[in-house]
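Undergrad: Below you will find the structure I want to go over with you.
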DNA sequence: TAAGCAGTTGAAAGATTGTTCAATGCATTG
DNA sequence: CAATGCATTGAACAATCTTTCAACTGCTTA
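Residue numbers (the numbering used here), protein chains in the order written: chain A, 3 to 206; chain F, 3 to 206.
So this is what it looks like as structure tokens:
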């Protein structure tokens, strides 16, 4: 009766979460793991421990389920930014504080990172989620500008690109490093996987 | 009768290429654009200008078509490396020459980059293609070691990781930069998209 | 010409998919 | 208790997918 779970995904919260939340979590997990086109609704229903029909009840369609997932992710980012502000002395947090807050959120939600990675590399899709996060980041930058926490001379779009790519780029590329290292026999691997640094060379 | 082609993919070579090659090219294009699960065999057949059945004839199955594509890609990399050697004065080319040769090949085959981007960042798939390319790169590094063209003190696996990630990482992340920039209205965008630099910080 | 063969076709079969919907359980309210 | 409403189910449906295969083409060979 319980959903088969060879995925290692957290199932302990099954009892406490509403069906709607479990469906959203399962969709996030499946989309991140197998991609949107690669996940049948039945797989989501199975992981969430519900019937297929319930997905159509809460979210209108499969596309609606994707929208629900992305809305939730946008909320996570917004909450992380607000948290940084509320814990700051002044009315607006500085760059480092916001970076740390978002980094902590991403660290707590590795599936969000996996989902974003896919979303970014799948260029065909309109990339609406990235647009939304970019808007969020722009507001953040402008708030810091007004508070005198960010350089007012640099182009605001450049600041957004720098902030997002520096943060996400390292996370997106890490699997590549791991895959390459894992391609070698264990006794040839270095003890510690190399770390990445992604820099944005602002346009000359 | 001719396949509809709103994709902008090169169709001029249709006449000169064998059906098998056209199927392989179409599969590469479709997989890179829509993903493996997102591409029906009919789309490949349509772009290649053949009947669906012919795909099953040349490649055993859809999975077989993927294998055919990846085998071809591995061949491209191997050829690029050999080309660097043959154009070198000594018996073995140095790092820069090999980098340039592979970079030129990737520049001539942007669809290969798109395909690799998907393949690499998809953790679920076994990542066999990356393993093969890593092996290829290792041979390359060892050849250069023997020729005295590469540092013999650094860990060989680290050298492979550095070479691959520096080269591919920038290409993989560029769409992220473009997506973010395009998320803003045109009059706010900088004239030139920012460029990326990806560095591998070798393990401490 | 007849026979054979590789290349190619497209219809058919069988499996899987997203969506819909009548029916059930289970509370809460009148 | 009766009735109303929401949560949930799972079968049914239509569409689409992959795979298979008998048949057709054009060409080479005996």
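Note that CB positions come from ideal geometry on N, CA and C, so glycine has one too.
Just reading off the alpha helix (DSSP H) that residue 162/F is part of, what are its end residues?
TA: To locate residue 162/F, count along the second chain from 1; it is residue 160. Segment 158 to 184, the alpha helix (DSSP H) holding residue 162/F.
Undergrad: What residues from the stretch 147 to 167 of chain F come within 9 Å of chain A, judged by C-beta to C-beta, listed N to C?
TA: For the stretch 147 to 167 of chain F, which is checked against every Cβ of chain A, the residues closer than 9 Å are 157, 158, 159, 160, 162, 163, 164, 166, 167.
Undergrad: Considering only the alpha carbon of each residue, which of 37/F, 145/F, 177/F, 133/F lies closest to residue 179/A?
TA: Position 177 of the first chain holds residue 179/A. Of the candidates 37/F, 145/F, 177/F, 133/F, the one whose C-alpha sits nearest the C-alpha of residue 179/A is 133/F.
Undergrad: Which chain F residues sit within Cβ distance under 7 Å of residue 191/A?
TA: Here residue 191/A refers to the residue found at position 189 when the first chain is read from its first residue. What residue 191/A touches in chain F: 159.
Undergrad: Count the other CB atoms, across all protein chains shown, that sit within 10 Å of the CB of residue 27/F; report buried if there are 16 or more and exposed otherwise.
TA: To locate residue 27/F, count along the second chain from 1; it is residue 25. Result: buried.
Undergrad: Does the distance from the CB of residue 113/F to the CB of residue 31/F come in under 7 Å?
TA: Locating residue 113/F in the second chain gives position 111, counting from the first residue. Locating residue 31/F in the second chain gives position 29, counting from the first residue. The answer is yes: Cβ separation under 7 Å.
Undergrad: Can you tell me the Cα-Cα spacing of residue 186/F and residue 159/A, whole angstroms?
TA: The count along the second chain starts at 1 and reaches residue 186/F at position 184. The count along the first chain starts at 1 and reaches residue 159/A at position 157. Distance between the alpha carbons of residue 186/F and residue 159/A is about 8 Å.
Undergrad: Assign residue 126/F to one of two classes, buried (16 or more other C-beta atoms within 10 Å of its C-beta) or exposed (fewer than that).
TA: Along the second chain, one-based indexing puts residue 126/F at 124. The predicted model places residue 126/F with a pLDDT of 47, which falls under 50 and marks its position as unreliable; any figure quoted below should be read in that light. When all chains shown are included, residue 126/F counts as exposed.
Undergrad: Taking the straight line between their C-alpha atoms, what separation do you get for residue 202/A and residue 194/A?
TA: Taking the first chain and counting its residues from 1, one reaches residue 202/A at position 200. Taking the first chain and counting its residues from 1, one reaches residue 194/A at position 192. About 26 Å.
Undergrad: At a CB distance below 7 Å, what residues from the stretch 24 to 42 of chain A approach chain F? Give them in sequence order.
TA: Hits within the stretch, in order: 35, 36, 37, 39, 40.
Undergrad: Out of curiosity, what's the CA-to-CA distance linking residue 41/A and residue 200/F?
TA: Mapped onto the first chain, residue 41/A falls at position 39. Mapped onto the second chain, residue 200/F falls at position 198. Spanning the two alpha carbons is a distance of roughly 32 Å.
Undergrad: What do you get for residue 89/F, buried or exposed, if any count of 16 or more other CB atoms within 10 angstroms of its CB means buried?
TA: In the second chain, residue 89/F corresponds to position 87, counting from 1. Residue 89/F should be labelled exposed.
Undergrad: Just to check my reading of the structure: residue 24/A and residue 52/A have Cβ atoms closer than 8 Å, yes? What is that Cβ distance to the nearest angstrom?
TA: By 1-based counting over the first chain, the position of residue 24/A is 22. By 1-based counting over the first chain, the position of residue 52/A is 50. About 7 Å; that satisfies the 8 Å criterion.
Undergrad: By the three-class DSSP mapping on this structure, what secondary structure does residue 54/F have?
TA: Along the second chain, read from residue 1 onward, the residue named residue 54/F stands at position 52. Note: residue 54/F maps to helix in three-state DSSP.
Undergrad: In whole angstroms, give me the CA-to-CA distance for residue 192/A and residue 140/F.
TA: Here the question's residue 192/A lines up with position 190 in the first chain. Here the question's residue 140/F lines up with position 138 in the second chain. Residue 192/A and residue 140/F: Cα-Cα distance of roughly 14 Å.
Undergrad: Using 7 Å as the threshold, is the C-beta distance between residue 34/A and residue 117/A below it?
TA: Within the first chain, residue 34/A is the residue found at index 32, counting from 1. Within the first chain, residue 117/A is the residue found at index 115, counting from 1. In contact: residue 34/A and residue 117/A (Cβ atoms closer than 7 Å).
Undergrad: Quick check on residue 188/F: buried or exposed, where buried means 16 or more other Cβ atoms within 10 Å of its Cβ?
TA: One-based indexing of the second chain puts residue 188/F at position 186. Classification of residue 188/F: exposed, given that the 10 Å Cβ count is below 16.
Undergrad: Are residue 131/A and residue 84/A closer than 7 Å when you measure CB to CB?
TA: Position 129 of the first chain, counted from the first residue, corresponds to residue 131/A. Position 82 of the first chain, counted from the first residue, corresponds to residue 84/A. Going by C-beta atoms, residue 131/A is not nearer than 7 Å to residue 84/A.
Undergrad: For residue 105/A, count the other beta carbons within 10 Å of its own beta carbon; 16 or more makes it buried, fewer makes it exposed. Which is it?
TA: Looking up residue 105/A in the first chain gives position 103. By the neighbour-count rule (16 or more Cβ atoms within 10 Å), residue 105/A is not buried but exposed.
Undergrad: Is residue 79/F near residue 119/F, with beta carbons less than 7 Å apart?
TA: The residue you call residue 79/F lines up with position 77 of the second chain. The residue you call residue 119/F lines up with position 117 of the second chain. Cβ atoms of residue 79/F and residue 119/F: not closer than 7 Å.
Undergrad: Beta-carbon of residue 145/A versus every beta-carbon of chain F: anything under 7 Å?
TA: Position 143 of the first chain, counted from the first residue, corresponds to residue 145/A. Residue 145/A does not count as touching chain F.
Undergrad: Compare the C-beta of residue 20/A with all C-beta atoms of chain F and state if any pair is closer than 7 Å.
TA: Here the question's residue 20/A lines up with position 18 in the first chain. Residue 20/A does not count as touching chain F.
Undergrad: So, are the CB atoms of residue 115/A and residue 143/A less than 7 Å apart?
TA: Along the first chain, one-based indexing puts residue 115/A at 113. Along the first chain, one-based indexing puts residue 143/A at 141. In this structure, residue 143/A does not lie closer than 7 Å to residue 115/A by Cβ.
Undergrad: Which same chain residues, not among the five before or five after residue 171/F, have their C-beta less than 6 Å away from its C-beta?
TA: For the purposes of this step, residue 171/F is identified with residue 169 of the second chain, where counting begins at 1. Here the set comprises 200.
Undergrad: Could you check which residue in 50/F, 39/F, 46/F has the C-alpha nearest to that of residue 18/F?
TA: As a working mapping, residue 18/F is identified with position 16 in the second chain. Nearest option by C-alpha distance: 50/F.
Undergrad: In or out: residue 152/A buried (at least 16 other Cβ within 10 Å) or exposed?
TA: As a position in the first chain, residue 152/A is number 150, starting the count at 1. Per the 10 Å Cβ criterion, buried.
Undergrad: With a threshold of 16 other CB atoms inside 10 Å of the CB of residue 77/F, please say whether the residue is buried or exposed.
TA: For this step, residue 77/F is matched to residue 75 along the second chain. The residue is exposed, with fewer than 16 neighbouring Cβ atoms inside 10 Å.
Undergrad: Given this structure, state the Cα-to-Cα distance separating residue 166/F from residue 156/F, to the nearest angstrom.
TA: Taking the first residue of the second chain as position 1, residue 166/F is located at position 164. Taking the first residue of the second chain as position 1, residue 156/F is located at position 154. For residue 166/F and residue 156/F, the distance between alpha carbons rounds to 16 Å.
Undergrad: Measure from the alpha carbon of residue 2/F to the alpha carbon of each residue in 137/F, 74/F, 91/F, 147/F, then state which is nearest.
TA: Only positions 3 to 206 of chain F appear in the structure, and residue 2/F is not among them; the question remains open.
Undergrad: From the DSSP output, which residues share a beta bridge with residue 44/A?
TA: Counted from its first residue, the first chain places residue 44/A at position 42. Paired residue(s): none; residue 44/A is not in a bridge.
Undergrad: Since residue 122/A contacts residue 196/F with CB under 8 Å, what's their CB separation in whole angstroms?
TA: To locate residue 122/A, count along the first chain from 1; it is residue 120. To locate residue 196/F, count along the second chain from 1; it is residue 194. With a Cβ gap of about 16 Å, residue 122/A and residue 196/F do not count as contacting.
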